[in-house]
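**Q** Below is a structure I'd like to ask you about.
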Amino acid sequence: MQDIIQKEFNLRKDLIYLNHAGVSPWPVRTSKAVQQFAEENTLQGSFRYMEWMKTETNLRVQAQKLINAPSKDDIALLKNTSEALSVVAYGLDWEKGDNIVSSNEEFPSNKIVWESLSHKGVEFREAELKSDTSPEDALFSLVDKRTRLITISSVQFSTGLKMDLERIGHFCKSRGILFCVDAIQSIGSVQFDVQKIKADFVMADGHKWMLGPEGLAVFYSNSEARD
Ligand SMILES: Cc1ncc(COP(=O)(O)O)c(C=O)c1O
Numbered sequence: 089m090q091d092i093i094q095k096e097f098n099l100r101k102d103l104i105y106l107n108h109a110g111v112s113p114w115p116v117r118t119s120k121a122v123q124q125f126a127e128e129n130t131l132q133g134s135f136r137y138m139e140w141m142k143t144e145t146n147l148r149v150q151a152q153k154l155i156n157a158p159s160k161d162d163i164a165l166l167k168n169t170s171e172a173l174s175v176v177a178y179g180l181d182w183e184k185g186d187n188i189v190s191s192n193e194e195f196p197s198n199k200i201v202w203e204s205l206s207h208k209g210v211e212f213r214e215a216e217l218k219s220d221t222s223p224e225d226a227l228f229s230l231v232d233k234r235t236r237l238i239t240i241s242s243v244q245f246s247t248g249l250k251m252d253l254e255r256i257g258h259f260c261k262s263r264g265i266l267f268c269v270d271a272i273q274s275i276g277s278v279q280f281d282v283q284k285i286k287a288d289f290v291m292a293d294g295h296k297w298m299l300g301p302e303g304l305a306v307f308y309s310n311s312e313a314r315d
């Protein structure tokens with residue numbers, strides 16, 4: 089393991105890198121792949137376009153395995169976590185009076201887009217996570233009959249608080265509420281199972297724990313919610 093780490097991470101010798109939760113350094117293989125792709129575009133444009141499509145499908149299959157999605161068709165590649173959250177927010181048919189429940193500690197990507205639905209009469213409710221109750225109970229306490237969706241980060245970016253996603257997913261399923269998880273602080277560093285947590289939507293850009301470049305995100309949507 090140590091060998092692989094040394095081979096793949098060619099960091100400056102005077103650096104101890106502890107910022108994967110922000111932007112991770114690229115492994116050597118990532119760097120090579122990007123360089124090869126740039127070189128290929130320079131030499132022959134999109135001549136091998138059909139091969140590129142195979143690479144894309146292969147990546148979706150790998151992402152499917154990484155998060156235990158039922159099918160590669162449940163995986164889309166988007167630009168980033170924020171874009172995927174916007175796809176969900178603006179892909180649903182909201183009705184005046186609907187509400188969305190989240191926390192008061194979310195990264196702005198998982199807040200601003202939901203707040204922007206206020207012009208449709210949709211309310212964004214933020215649970216206080218530092219209350220006496222558990223973080224999950226704090227969320228549940230804001231839910232009522234008009235709650236259409238709960239959206240939460242799997243791990244809070246500012247505190248590292250890890251949510252009990254299985255519990256929230258179970259709660260949502262039993263009440264017909266959609267469950268959306270910003271998983272950028274989890275996927276790649278811990279096991280992540282979209283079926284176990286009963287998630288409807290999961291998104292994560294690759295530039296943190298998946299050790300990829302910025303600008304390429306995994307977006308999972310379960311087939312029923314997608315319809
Ligand atoms: C919890 C969380 N969500 C979203 C983002 C932003 O993601 P993206 O740049 O992929 O839109 C970050 C980045 O730090 C984050 O920590």
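Residue numbering for the sequence shown follows this note's numbering, starting at 89 and increasing by one per position.
Even glycine gets a Cβ: it sits at the ideal position worked out from N, Cα and C.
Quick caveat: nothing in here was measured; it's all calculated off a predicted structure.
(1) If distances are taken between C-alpha atoms only, which option among MET251, GLY294 and SER262 comes closest to SER170?
(2) What three-state label does DSSP hand VAL231 in the structure shown?
(3) On the criterion of 16 or more Cβ atoms from any shown chain inside 10 Å, does LYS284 qualify as buried, or is it exposed?
(4) Less than 7 Å between the CB of SER191 and some heavy atom of ligand 1, yes or no?
(5) At 3 residues or longer, what runs of the beta strand (DSSP E) sit wholly inside the region 182–206?
(6) What separation, rounded to the nearest whole angstrom, lies between the Cα atoms of LEU253 and GLN273?
(7) From TRP182 to ALA121, what does the alpha carbon distance come to, in whole angstroms?
(8) When the Cα of ARG236 is compared with those of LYS167, ALA271, LEU166 and PHE259, which residue comes out closest?
(9) Suppose you measure from the CA of GLN152 to the CA of TRP140; what does that come to, to the nearest Å?
**A** Inspection of the coordinates gives the following:
(1) GLY294
(2) coil
(3) exposed
(4) no
(5) 187–191
(6) 13 Å
(7) 42 Å
(8) PHE259
(9) 18 Å
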